[in-house]
Structures are given as structure tokens and as C-alpha cells.
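Novice: First the structure, which I've put down as C-alpha cells, then a few questions once you've had a look.
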Amino acid sequence: MKSNGMQWSAWVLAAGLLFTVEASAQEVRHSGGGRFGSAGEIVLSSDLSGSIGYRSAGDGQFFIFLRPAGDYFLKENISLGGYLTLGTVFQEGDNQVEVGLGVRGGYNIWLNETVSVWPRLGLGLNHEDYGFGDRTFLAISLDAPFLVHLTSSFFIGAGPGLITELGDDTSATLQVSTLLGGHF
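The number in the numbering used here is simply the position in the sequence shown, starting from 1, with 66 added.
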């Protein structure tokens with residue numbers, strides 16, 4: 067008898083969750099001019115990436131970067147923005163710290179009512195301090211996060227990215243980044 071009551075509770079919970087997800091999807095669909103990618107929309111986000119892997123300019127390293135950003139949709143689905151890079155690389159010896167400033171452009175592509183992909187191309191000027199030396203370099207980034215629009219103004223996402231560093235030591239980093247943001 068007890069398990070039958072638990073089954074009903076599970077069905078009621080599942081139905082409630084399904085209704086909530088559908089209501090969120092309808093809220094995004096009926097948001098009108100405030101839909102992500104609409105001309106005049108302002109997006110505030112933070113890209114966070116962390117990975118363990120190989121950088122072409124060195125040994126395997128663990129690195130984490132935070133990129134607070136702001137973007138503006140100039141026309142339908144076409145964005146222009148800027149970002150600040152704050153990061154650290156944990157490695158043998160002194161850990162390096164990185165700061166930078168960049169600009170980027172993007173194009174939002176809707177895949178369905180609540181999911182889109184937002185490929186972006188960026189150009190930044192970064193500075194690294196190794197503790198025993200430093201370097202300044204140009205960073206070219208290309209990423210394509212898939213966004214899930216949870217409400218009419220909030221989204222989360224993740225996707226692949228490639229960053230090429232041009233300077234004294236040229237390197238390329240392939241990574242997966244997460245994205246959290248809102249728009250108005």
C-alpha cells in the first residue's frame with residue numbers, strides 16, 4: 067500500500083515538473099520584443115572555463131578563467147560586446163596570473179523555442195605574470211556556446227572554444243566553457 071502512494075507522489079511530482087518546464091518555455095515564446103537576440107537587447111554574462119589538458123606551448127596544466135562580459139544586439143541576432151579576462155594557471159613552480167580586455171562579435175541562432183547557439187569571435191589584449199617574468203599577447207577566441215533559455219531573461223549554456231595566443235610564445239587552447247547570464 068505504501069509503495070502505491072509513493073508511485074502517485076512520483077507521478078504528481080513529474081507532472082508538476084513537466085508543467086513548470088512548459089510554462090517556462092511559453093514564457094520565453096511569448097516574451098515579445100524582449101526575446102534573446104532582439105535588436106536593442108543588452109546581455110550581461112560570465113564565461114567560466116576550466117580544464118585539465120595540454121596547451122601547445124607547454125606541459126599539461128590546469129587553468130581557470132572568468133570572463134565577465136557585456137553584449138548588445140545591434141540588429142536581430144547580431145551582437146557586439148566586450149569582456150574582461152581574469153585567470154590563473156596552476157602549474158609546476160610559480161602559478162601564472164592573467165588579465166586582459168577584449169571585444170567580440172556574435173550571431174545568435176535559434177534551434178527551437180528555448181535553445182539557441184551563439185557563436186562568437188573575440189579579439190583581446192592580455193597580460194600574464196609568471197612570478198619570474200611576464201608577457202603581453204594578442205588573444206583570438208572563437209566559441210559556440212549552446213544556450214538554454216530558462217526564463218524570458220535568464221540563460222545558462224556550455225560549448226566548445228578555441229583560443230589562440232599570438233606573441234613571443236604562440237599557443238592554441240581547445241576547451242569547453244560554461245556560460246551564465248541574463249538579458250534585458
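Cβ coordinates follow ideal geometry from the N, Cα and C atoms, glycine included. Predicted, not measured: the structure shown is a model, and the values here were computed from it.
#1: Could you tell me the alpha carbon to alpha carbon distance between I108 and A135, rounded to whole angstroms?
#2: Tell me where the beta strand (DSSP E) around Y149 begins and ends.
#3: Check this for me: beta carbons of E194 and Q241, under 8 angstroms apart or not?
#4: Determine the direct distance from the alpha carbon of L167 to that of G148, and round the result to whole angstroms.
#5: Among all the DSSP beta bridges, which residues are the ones paired with D209?
#6: Exposed or buried, Q73, counting other C-beta atoms within 10 Å across all chains shown (16 or more means buried)?
#7: Within 10 Å of its beta-carbon, does I130 have 16 or more other beta-carbons around it, so buried, or fewer, so exposed?
#8: Give me, in chain order, the residues of the same chain whose beta-carbon lies closer than 6 angstroms to that of E142; leave out the 5 immediate sequence neighbours on both sides.
#9: Going by DSSP, what residue range makes up the beta strand (DSSP E) through T239?
#10: What does DSSP give as the partner residue(s) for R170 in the beta ladder?
#11: Between the C-alpha atoms of G223 and G247, what's the straight-line distance to the nearest angstrom?
Specialist: Result, derived from the coordinates:
#1: Spanning the alpha carbons of I108 and A135 requires a straight line of approximately 11 angstroms.
#2: That run of the beta strand (DSSP E) goes 144-156.
#3: The Cβ atoms of E194 and Q241 lie no closer than 8 angstroms to each other.
#4: Roughly 8 angstroms separates the two Cα atoms.
#5: The partner list for D209 (beta bridge, DSSP) reads R186, G227.
#6: Reliability of the predicted coordinates at Q73 is poor, the pLDDT of 49 falling under 50, and the value obtained from them is presented with this limitation in mind. Residue environment for Q73: exposed (fewer than 16 other C-beta atoms within 10 angstroms of its C-beta).
#7: Taking every protein chain shown into account, the CB of I130 has fewer than 16 other CB atoms within 10 angstroms, so this residue is exposed.
#8: Cβ neighbours of E142 beyond the five flanking positions: A105.
#9: Start and end: 237-249.
#10: DSSP links R170 through a beta bridge to G147, G188.
#11: Distance between the alpha carbons of G223 and G247 is about 9 angstroms.
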